[in-house]
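When you read off a place in the sequence shown, starting at 1, and then add 534, the result is the number in this note's numbering. Built from N, CA and C at the ideal position, the CB exists for glycine as well. Before any comments, here is the structure.
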Amino acid sequence: MRSLWLLLGLGLLVLSQVQASTDAEDELLDLDLSEIDENEEEFLRLLEEKAKIKDVERENEIVSKLAEVQHNLLNPVVEVDLCETMPCGAGRICQMHDEKPKCVCIPDCPEELDSRRLVCTNTNETWPSDCSVYQQRCWCDSGEPGCTNVDNAHMHIDYYGACHEPRACDGEDLKDFPRRMRDWLFNVMRDLAERDELTEHYMQMELEAETNNSRRWSNAAVWKWCDLDGDTDRSVSRHELFPIRAPLISLEHCIAPFLESCDANNDHRITLVEWGACLELDPEDLKERCDDVQRAQPHLLG
């Protein structure tokens, strides 16, 4: 309704402007008529035709201006925010530089007063929030002054809450952990299948694991590794391992050293071959199965 009243108001303004511009012409037209001999009918007829043509031109001008006003009201110019389509990742935000979007480290993190927001990193250091961890990692990765330790470029969150003294994992505990991890992965996959929360391809893999013992652990390992590979680059970063590390670390004191040992070449990423070796599975079998997932669901693996 507001737009309608605005349109009517602008239309009246247009009419008044057009009318003002033609009043002078009408006055001149009246003066000319007073001086014309009444016997010159042909001249009067031509003058009348000219007046009609001017009326039509004025009407067309008014209609054109009203149409322009209506178009501007119904089709306002909307500026596109280029940063809205620029993904930056944790600890970074998009800002415009030289009229181009650019990802930069987040300048400020909100102050957290709730102790439940504390996080513990893989260096067993407590930080005030996950934002502060991601910000520090970005600063160190970019070589900015805020970096307190260059190694923080590879820092990641172990779990939420203040750091506590970890239990030692060695001897038989560490030796037996791959088996416990394989069982845990399979049980989680089975639970998701029972709740119908797996994709169709993974549902088929779970069913195969139930009926074929040789596929029981390998299918579960492939499912979790492909699920963790969020950026589909065929490797899992330590950050991508957070969803399985955080919930287990308070229950399984060997999860941290186990995952650290999976990164055989210490490049802060775990390949499928390294994942299979950690779980004591046949790497070639895992590779074959992951290729099956890629063919069935290309969006999961690049």
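Mapping DSSP to helix, strand and coil, what is residue i?
{"i": "residue 564", "result": "For residue 564, the predicted model reports a pLDDT of 48, less than 50, meaning its position is unreliable; a value from the coordinates is still stated below. Three-state DSSP puts residue 564 in a helix."}
{"i": "residue 626", "result": "strand"}
{"i": "residue 840", "result": "Past the boundaries of the shown model lies residue 840; the chain is included only from 535 to 836, so the question cannot be answered."}
{"i": "residue 812", "result": "helix"}
{"i": "residue 635", "result": "strand"}
{"i": "residue 600", "result": "helix"}
{"i": "residue 644", "result": "coil"}
{"i": "residue 593", "result": "helix"}
{"i": "residue 559", "result": "Unreliable placement is indicated for residue 559, whose pLDDT of 46 sits below 50; no coordinate value is reported for it."}
{"i": "residue 832", "result": "The predicted position of residue 832 is uncertain, since its pLDDT is 43 and thus under 50; a value taken from the coordinates is nonetheless stated next. It is coil, neither helix nor strand."}
{"i": "residue 554", "result": "Its pLDDT being 48, under 50, residue 554 is placed unreliably by the model, and the measurement read from it follows with that caveat. In the structure shown, residue 554 sits in a helix (DSSP, three-state: H, G or I)."}
Residue j and residue i - do their beta-carbons sit closer together than 8 Å?
{"i": "residue 643", "j": "residue 628", "result": "no"}
{"i": "residue 788", "j": "residue 726", "result": "no"}
{"i": "residue 783", "j": "residue 693", "result": "yes"}
{"i": "residue 740", "j": "residue 724", "result": "yes"}
{"i": "residue 768", "j": "residue 802", "result": "no"}
{"i": "residue 670", "j": "residue 681", "result": "yes"}
{"i": "residue 691", "j": "residue 792", "result": "no"}
For residue i, which option in the options has the closest C-alpha, if you only look at C-alpha atoms?
{"i": "residue 654", "options": "682, 745 and 779", "result": "779"}
{"i": "residue 633", "options": "646, 648, 640 and 615", "result": "615"}
{"i": "residue 701", "options": "786, 619, 582 and 622", "result": "786"}
{"i": "residue 619", "options": "635, 761, 631 and 806", "result": "635"}
{"i": "residue 758", "options": "797, 806, 637 and 649", "result": "806"}
{"i": "residue 626", "options": "687, 672 and 793", "result": "672"}
{"i": "residue 637", "options": "621, 774 and 596", "result": "621"}
{"i": "residue 652", "options": "640, 639, 641 and 666", "result": "666"}
{"i": "residue 761", "options": "735, 747, 746 and 750", "result": "735"}
{"i": "residue 712", "options": "583, 794, 649 and 598", "result": "794"}
{"i": "residue 639", "options": "679, 820 and 582", "result": "679"}
{"i": "residue 624", "options": "587, 581 and 689", "result": "689"}
Is residue i close to chain C, meaning its C-beta is less than 8 Å from at least one C-beta of that chain?
{"i": "residue 617", "result": "Here there is only one protein chain, and chain C is not present."}
**Unbroken stretches of the alpha helix (DSSP H), 4 residues or longer, contained in the segment 688–719** = none
**Request:** At 3 residues or longer, and completely inside the segment 652–688: list those beta strand (DSSP E) runs for me, N to C.
**Result:** Entirely contained in the segment 652–688, the beta strand (DSSP E) runs reaching 3 residues are, in chain order, 653–655.
**Request:** Inspect the CB distances between the segment 682–700 and the segment 660–668 and report whether three or more fall short of 8 Å.
**Result:** By the criterion of at least three beta-carbon pairs nearer than 8 Å, the segment 682–700 is in contact with the segment 660–668.
**Request:** For the segment 752–762 and the segment 703–722, state whether three or more C-beta atom pairs, one from each stretch, are separated by less than 8 Å.
**Result:** Pairwise C-beta distances place the segment 752–762 in contact with the segment 703–722, as three or more of them are shorter than 8 Å.
**Item:** Completely contained alpha helix (DSSP H) runs for the segment 730–809, where each covers 4 or more residues
**Value:** 734–745, 750–762, 776–782 and 789–796
**Given 8 Å, three or more beta-carbon pairs between the segment 726–739 and the segment 806–822** = no
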